[in-house]
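Worksheet: the structure to be examined is printed underneath.
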Amino acid sequence: MRGALTIGVRAARKAGDLIVRRLEQVQSIPIDSKGRNDFVTEVDRQAEAVIIEIIRRTYPGHGFLAEESGLHSGDEHQWIIDPLDGTTNFLHGFPQFAVSIALRIKGRIEDALVYDPLRQELFTASRGRGATLNERRIRVSRQRSLDGALLGTGFPFRSLDHLEEYLAMFRALFPVAAGIRRAGAASLDLAYVACGRLDGFWEFGLKPWDIAAGALMIKEAGGIITDMDGSDCYLESGNVVAGNPKIVKTLCAKLGTRGRPR
Ligand code: IPD
Ligand code: CA
Ligand code: CA
């Protein structure tokens with residue numbers, strides 16, 4: 016494992032321990048709202064602070080783009096952090112959430128990890144070196160068509176503006192796929208695509224910290240991640256389609272004709 020990734024993993028495990036400890040008293044954790052259906056707790060903030068502190072100890076000059084505390088300027092290294100992806104699940108004791116960390120150097124994602132602290136599953140990737148789950152090499156699925164495919168998705172729950180667009184996409188895929196799952200933590204959904212548990216995934220309106228780590232993982236596992244129109248601006252637009260090359264092509268054909276949500 017590259018040195019920087021080792022530090023990221025240390026930080027993610029520490030944050031994961033904190034999250035799991037706090038899950039026991041989840042009923043008493045005060046919840047703030049950042050917007051409609053957009054919640055944040057002191058656990059999100061504490062986990063983020065722990066991650067940044069650990070990384071800073073080794074790399075004092077690096078910058079951060081972190082969900083709860085925003086942009087911290089630094090040198091050409093930028094850590095992109097979602098300290099608790101799946102906050103709504105966490106608040107309900109629904110066991111699907113993760114810590115997601117990626118390292119971008121001079122604009123390119125070089126290292127990534129997604130850590131599920133309940134299952135103790137650690138997904139990692141480094142550019143050009145492949146992707147792993149608990150240190151074993153992972154690959155995207157070999158599924159060739161939507162017939163029989165298990166897809167993941169995320170609902171546009173924060174704003175109802177895109178509901179109709181989303182439902183049109185859902186309607187296009189629902190009759191052809193074997194199943195569609197909405198698990199509630201986008202970084203883990205992408206990691207599941209990387210290891211072949213999901214054959215494909217689509218969601219729009221995501222943020223860079225939801226996507227950055229999972230995107231590298233999918234690419235290093237032989238898959239593809241694109242914007243809904245087939246471009247690679249997904250980190251900026253927040254709209255993603257992912258899977259093996261064959262599945263992504265079919266998904267884009269089905270979704271693309273419905274326009275590109277903004
Ligand atoms: C959310 C989760 C969810 C996705 C949302 C994200 P958060 O992240 O990844 O699956 O549908 O768009 O914002 O707010 O729990 O970190
Ligand atoms: Ca998130
Ligand atoms: Ca989060």
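If you want the numbering used here, it's the 1-based position in the sequence shown plus 15.
Here a beta-carbon is modelled for each residue, glycine too, at the ideal position from N, C-alpha and C.
Just so it is clear, the structure is predicted and the values come from calculations on it, not from any experiment.
beta-carbon residue i near ligand 2 non-hydrogen atom, thresh 7 angstroms
i           : result
residue 217 : no
residue 227 : no
residue 201 : yes
residue 97  : yes
Reduced DSSP category for residue i - H, G, I as helix; E, B as strand; rest coil
i           : result
residue 177 : helix
residue 95  : strand
residue 83  : coil
residue 164 : coil
residue 37  : helix
residue 69  : helix
residue 42  : helix
residue 255 : strand
Check whether residue i and residue j have beta carbons under 8 angstroms apart
i           : j           : result
residue 166 : residue 213 : yes
residue 129 : residue 141 : no
residue 215 : residue 253 : no
residue 113 : residue 100 : yes
residue 137 : residue 65  : no
residue 257 : residue 208 : yes
residue 7   : residue 106 : This structure cannot speak to residue 7, because the chain is shown only from 16 to 277.
Option nearest residue i by Cα separation, candidates the options
i           : options               : result
residue 61  : 130, 53 and 97        : 97
residue 135 : 16, 254 and 27        : 27
residue 186 : 76, 17, 67 and 270    : 270
residue 211 : 188, 48 and 237       : 237
residue 191 : 161, 235 and 184      : 161
residue 121 : 106, 156, 144 and 79  : 79
residue 263 : 193, 156 and 83       : 156
residue 259 : 247, 159, 193 and 224 : 159
Per DSSP, cross-strand counterpart(s) of residue i
i           : result
residue 159 : Looking at the DSSP assignment, residue 159 forms no beta bridge with any residue, so it has no partner.
residue 130 : 114 and 137
Cβ-heavy atom distance, residue i to ligand 3, below 7 angstroms
i           : result
residue 100 : yes
residue 47  : no
residue 59  : yes
Check: residue i C-beta below 7 angstroms from any heavy atom of ligand 1
i          : result
residue 56 : no
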